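**Q** Residue numbering for the sequence shown follows the numbering used here, starting at 68 and increasing by one per position. Heads up, the beta-carbon is just placed ideally off N, CA and C, and yes, glycines get one too. Here the structure is a predicted model, which is why all the values come from computation and not from measurement.
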Amino acid sequence: MDNSKGRLHRERGMRGAHVHPFHGALGSVPTEQPIAFLDRDGVLNHGREGYVNSSDELELLPGAAQSVARLIEAGFAICVVTNQSPVMRGLWGLDRLQSIHEHLQSALLKEHPGAVLDMVITCPHRRRDMCSCRKPHPGMLALGHRLLREQGPSEPISMGLHQTPHAEVNWWSSKPHAPHVLDTMVGDRRSDMGAGWAYGARLFRVNAHVGLASVVDRVVERSNMGDEFQP
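1. For LEU171 and HIS244, I'd like the C-alpha separation in whole angstroms.
2. For HIS192, count neighbouring Cβ atoms within 10 angstroms of its own Cβ and tell me buried if that reaches 16, exposed if not.
3. Is DSSP giving GLY211 helix, strand or coil here?
4. Please state the DSSP three-state secondary structure of ARG82.
5. By the three-class DSSP mapping on this structure, what secondary structure does VAL302 have?
6. Which of the three DSSP states is assigned to LEU228 in this structure?
7. What is the DSSP secondary structure of ALA103, reduced to helix, strand or coil?
8. When the Cα atoms are used, what is the spatial distance from ASN45 to GLY267?
9. Could you tell me the alpha carbon to alpha carbon distance between VAL282 and VAL273, rounded to whole angstroms?
10. My output table needs one value for MET186: the three-state DSSP class, helix, strand or coil.
11. Tell me the residue span of the beta strand (DSSP E) that contains VAL334.
12. Kindly indicate which residue of ILE102, GLY206 and VAL147 has the alpha-carbon position closest to the one of GLU44.
13. Just grab the DSSP bridge partners of VAL253 for me.
14. Please report how far the alpha carbon of GLU169 lies from the alpha carbon of VAL183, in whole angstroms.
15. Just to confirm the assignment, what range does the alpha helix (DSSP H) spanning SER173 have?
16. Could you check the C-alpha separation between GLY211 and LYS202 for me, to the nearest Å?
17. State the Cα-Cα distance for the pair ASP185 and PHE89, rounded to the nearest angstrom.
18. Spatial neighbours of GLY134 within its chain, please: C-beta separation below 7 Å, excluding the five flanking residues on both sides.
19. Does the segment 121–130 come into contact with the segment 284–298, if we say contact requires no fewer than three beta-carbon pairs (one atom in each stretch) closer than 8 Å?
20. In this structure, how does DSSP classify GLU235 when only helix, strand and coil are distinguished?
21. Could you name the residues of the same chain whose beta carbon sits closer than 8 Å to that of ARG79, not counting the 5 residues immediately before and after it, in chain order?
22. From VAL110, ASP108 and GLY142, pick the residue whose C-alpha is nearest to that of THR98; which is it?
23. With a CB to CB cut of under 8 Å and the five nearest residues on each side skipped, what residues in its chain are close to ALA144?
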């Protein structure tokens with residue numbers, strides 16, 4: 068494990084979420100286009116005991132690439148949002164994270180040429196770091212909305228750390244309204260559902276051994292408002 072890089076990042080007091088844009092799609096999502104926010108491990112690829120620590124350990128779930136392509140065909144932008152605390156735990160650094168996500172996109176495209184990600188947003192923090200981006204907080208979803216919908220196409224976003232919008236979440240209130248009624252969160256954990264709920268998205272929870280392919284039919288059905296969730 069790359070302990071020296073992890074220690075360096077911790078010492079610098081890393082702030083914000085890491086944004087990995089793909090294919091120059093930033094700023095090109097119109098307000099009327101919904102965004103599908105997808106967790107990574109257990110939705111697109113097999114999770115592992117511990118963490119996915121390298122690109123060699125990332126293995127796509129069956130049908131993941133075809134499901135991403137189907138979402139795009141149905142009009143969704145694709146934003147992966149993932150908690151990856153190994154960075155702040157000092158196990159490995161952002162360069163390793165970036166190589167894993169480059170491999171994720173390459174693997175998806177190898178299985179289906181239409182499985183194009185718009186971006187991957189990563190929270191590198193531990194729970195004790197009290198950040199606004201770690202799910203179940205909605206910071207990564209709010210950041211994805213801001214970058215994809217509000218950032219002008221003439222202002223390309225560089226890869227790196229971006230401050231996540233901070234919003235107080237009242238977990239005892241009614242579910243908020245997402246910027247688009249079809250904005251969607253797909254995940255395998257309660258923390259994914261919490262982040263999607265706090266953002267106001269439709270929620271679809273999956274079995275981590277099956278992933279996105281198990282719910283894509285429901286997601287593209289515009290009358291389907293998703294799963295119930297009680298924070």
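**A** Here's the rundown:
1. 31 Å
2. buried
3. helix
4. coil
5. In the structure displayed, the chain extends from 68 to 298; residue 302 sits before or after that span and is not available.
6. strand
7. strand
8. Residue 45 is absent from the structure shown; the chain starts at 68 and stops at 298.
9. 7 Å
10. strand
11. Shown here, the chain extends from 68 to 298; a query on residue 334 therefore has no answer.
12. What is shown of the chain runs 68 to 298, which leaves residue 44 out entirely.
13. LEU105 and PHE271
14. 12 Å
15. 161–178
16. 14 Å
17. 5 Å
18. In the sequence as presented, Gly is not what sits at residue 134; that position holds Ser. These residues qualify, in order along the chain: LEU279, ALA280 and VAL283.
19. no
20. coil
21. Because ARG79 sits at a pLDDT of 48, beneath the cut-off of 50, its placement in the model cannot be relied upon, and the point is left open.
22. GLY142
23. ALA92, VAL96, GLN100, PRO101, ILE102, ALA103, ASP185 and LEU215
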